[in-house]
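Structure, as structure tokens:
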Amino acid sequence: MATYTTKFTDKQVRRCCLTAFFLILLTSCKQKVDNHDLGIFYQPLNQDRDISLKQWKDFGSEIKGIGVKNVVIQWTKCGNESFGESHGWLAQRMEALQNDNIKLWIGLYSDPNYFREIHTNAAGQKVYLTEYFNKLHKSYEQWQTWLRIHSNQVQGLYLPLELTDYDFKTAAQREQLANILKQQVKQFDKPLMISLYLSGQIPEHQIKQWIDQLTSLGLAVYVQDGAGTQALAADTRKAYLESLGCNVGVIREIFVQDKAAKSFKADRVSKGRLDSILDEETCHPNTMFSLRYLPIASNPLKLVGEK
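The UniProt record's numbering applies: residue 1 is where the sequence shown begins, and numbers increase by one.
The following block contains the structure:
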């Protein structure tokens, strides 16, 4: 193969260098956008029913403008509340988001008594989870037609179990949970997402093993960053989060919990804090909690008790 040598003028060299610089800049920007698959949770409450479709559509356009590409609907049934089922107000608002090219994770049945019932031994957890998943499948059946019609804009299903090392302290409990979830994965034809929060009950390497166990089942696993609840010290939270693989999602808490309140109460983070979260680069799938706490002036979602 012949080799040719070409001499360039200083002007040509500078032009080539500038071209290369801008190509690198454009490529790096594109990679940041492609990797920034930002999501946000939405917890439906009946008080949201009175929000007009126009308000909702405007809000959907605004959240899309800050980079949100998917919304996790935390539940479509919570206890006896069904939010109009698959033809009611919640379904209409979900469709409005889809019409704005926002994809959805659809949460299924959520049990209001979950935290009380799950905090027991392995035998009690097995009984409870069997009953829970029976109810979850019934809610799934009620939404199957809707899911089929809107499948192009559905990323998957969210299981409204908030797993934590506080409830699953022992290896036996975690192994039993994995076996139960393994059977559940087989019963759905869509990706399943699950979330987890940390209470500092087991060390980092065991948390990593647990999450690896869950992801090996084919579950999309997201871990809350704990910045809003501040249940753990900042250094402890950081150590746990830094141990996570890039395949594990992180839920950014965009609220600040009121520690003085007897029941859970929280306020929105500042706009500046939100901007800093949006500007952070990460290798993790990134989602925020939640739409209700989004510090945007046009946010039609009221906090509980807010006028």
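Cβ atoms here follow ideal geometry from the backbone N, Cα and C, with glycine treated the same way.
Looking only at its chain, what residues have a beta carbon closer than 7 Å to the beta carbon of Val256, apart from the 5 residues adjacent to it on each side? Gly228, Ala266, Asp267 and Val269
Below 8 Å between beta carbons: does that hold for Val71 and Leu38? no
Burial state of Arg49 (16 or more Cβ within 10 Å): exposed
Output needed for residue 308: all residues of its chain with C-beta closer than 6 Å, excluding positions within five of it in sequence on either side, in chain order. Here the chain covers residues 1 to 307 and nothing more, so residue 308 does not appear.
Please name the residue, chosen from Gly245, Lys307 and Ile254, that lies closest to Cys283 on a Cα-to-Cα basis. Gly245
Taking Cβ to Cβ, would you say Gln213 is nearer than 8 Å to Pro191? no
Quick one, which of Ala260, Ser263, Leu232 and Val223 has its alpha-carbon nearest Asn247's? Val223
Cut-off 7 Å between Cβ atoms - residues of its own chain near Leu303, not counting five sequence neighbours on either side: Arg292
Tell me Gly200's beta-bridge partners as DSSP assigns them. Answer is none; Gly200 lacks a bridge partner.
For Thr266, the first and last residue of its enclosing beta strand (DSSP E): In the sequence on display, residue 266 carries Ala and not Thr. Ala266 -> beta strand (DSSP E) spans Ala266 to Arg268.
Please state whether the Cβ-Cβ distance between Lys135 and Tyr109 is less than 8 Å. yes
Quick one: is Thr76 buried, meaning 16 or more other Cβ sit within 10 Å of its Cβ, or exposed? buried
Quick check on DSSP: helix, strand or coil for Tyr128? helix
In or out: Ile207 buried (at least 16 other Cβ within 10 Å) or exposed? buried
Taking its Cβ as the centre, do 16 or more other Cβ atoms sit within 10 Å of Phe21, making it buried, or is it exposed? Because Phe21 carries a pLDDT of 39, less than 50, the predicted location of this residue cannot be relied on, and no value is offered for it.
Candidates Ala123, Ser195 and Phe188: closest to Glu175 by CA position: Ala123
Starting from Phe41 and walking both ways along the beta strand (DSSP E), at which residues does that stretch end? Leu38 to Tyr42
Which runs of the alpha helix (DSSP H), 4 residues or longer, sit entirely within the region 40-82? 53-65
Determine the direct distance from the alpha carbon of Ala297 to that of Gln74, and round the result to whole angstroms. 23 Å
Entirely enclosed alpha helix (DSSP H) segments - the region 136-196, minimum 4 residues: 171-185
Between which two residues does the alpha helix (DSSP H) harbouring Ala234 extend? Ala234 to Glu242
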